[in-house]
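Enquirer: For the sequence shown, our numbering assigns the number 381 to the initial residue and increments by one for each residue that follows. Don't be surprised by glycine CBs; every beta carbon is placed ideally from N, CA and C.
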Amino acid sequence: MKAIDQELLDETVRRIVAALEPRTIYLYGSHAYGQPHHDSDVDLLVVVNDSDLPPHRRAVAAYRALRGLFMPADVKVVTRAEFERRALWSSSVERSVLDKGQVLYESAA
381 MKAIDQELLD
391 ETVRRIVAAL
401 EPRTIYLYGS
411 HAYGQPHHDS
421 DVDLLVVVND
431 SDLPPHRRAV
441 AAYRALRGLF
451 MPADVKVVTR
461 AEFERRALWS
471 SSVERSVLDK
481 GQVLYESAA
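1) On the DSSP letters alone, give me the boundaries of the alpha helix (DSSP H) that Ile396 sits inside.
2) So, at 6 Å on beta carbons, what are the nonlocal neighbours of Asp454 in its own chain, with the 5 sequence-adjacent residues on each side left out?
3) At what residue ranges does the segment 427-486 contain a whole run of the beta strand (DSSP E), taking only runs of 3 or more?
4) So for Met381, helix, strand or coil by DSSP?
5) For Ala467 and Arg460, I'd like the C-alpha separation in whole angstroms.
6) Grouping DSSP H, G and I as helix and E and B as strand, with all else coil, what is Asp423?
7) Excluding sequence positions up to five away, which residues of its chain have a Cβ less than 8 Å from the Cβ of Ser472?
8) Using three-state DSSP, classify Tyr406 as helix, strand or coil.
9) Please confirm if the segment 469-485 is in contact with the segment 432-443, defined as three or more CB-CB distances below 8 Å between the two stretches.
10) Are Leu449 and Val426 closer than 8 Å when you measure CB to CB?
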């Protein structure tokens with residue numbers, strides 16, 4: 381089992397917060413559920429209040445913020461409305477995040 385480097389994870393969160401000003405950042409997947417393998421990446425779901433950008437552009441902004449960090453990550457960026465709507469679907473990533481994910485960051489606003 382491979383543990384996440386906490387300093388690297390903290391830097392990842394810091395960079396995403398600076399770039400996207402998210403409402404919430406969740407860790408999900410094998411690291412959140414206590415089942416990582418030696419080749420597991422870090423799965424992050426970033427919830428922003430609103431965005432006029434299409435989903436792929438939001439993801440590009442997140443990956444650019446992480447440039448130079450040596451941690452394999454899969455980052456999904458959704459708006460609050462998208463998150464709330466999809467969380468109602470039993471088989472969605474958002475539902476899984478609500479049920480089993482870990483909050484890494486939550487804005488005060």
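Expert: In short, the structure shows the following:
1) 386-400
2) Asp421, Asp423
3) 453-459, 482-486
4) Bear in mind that the predicted position of Met381 carries a pLDDT of just 46, short of 50, making it too unreliable to give a figure here.
5) 10 Å
6) strand
7) Arg466
8) strand
9) no
10) no
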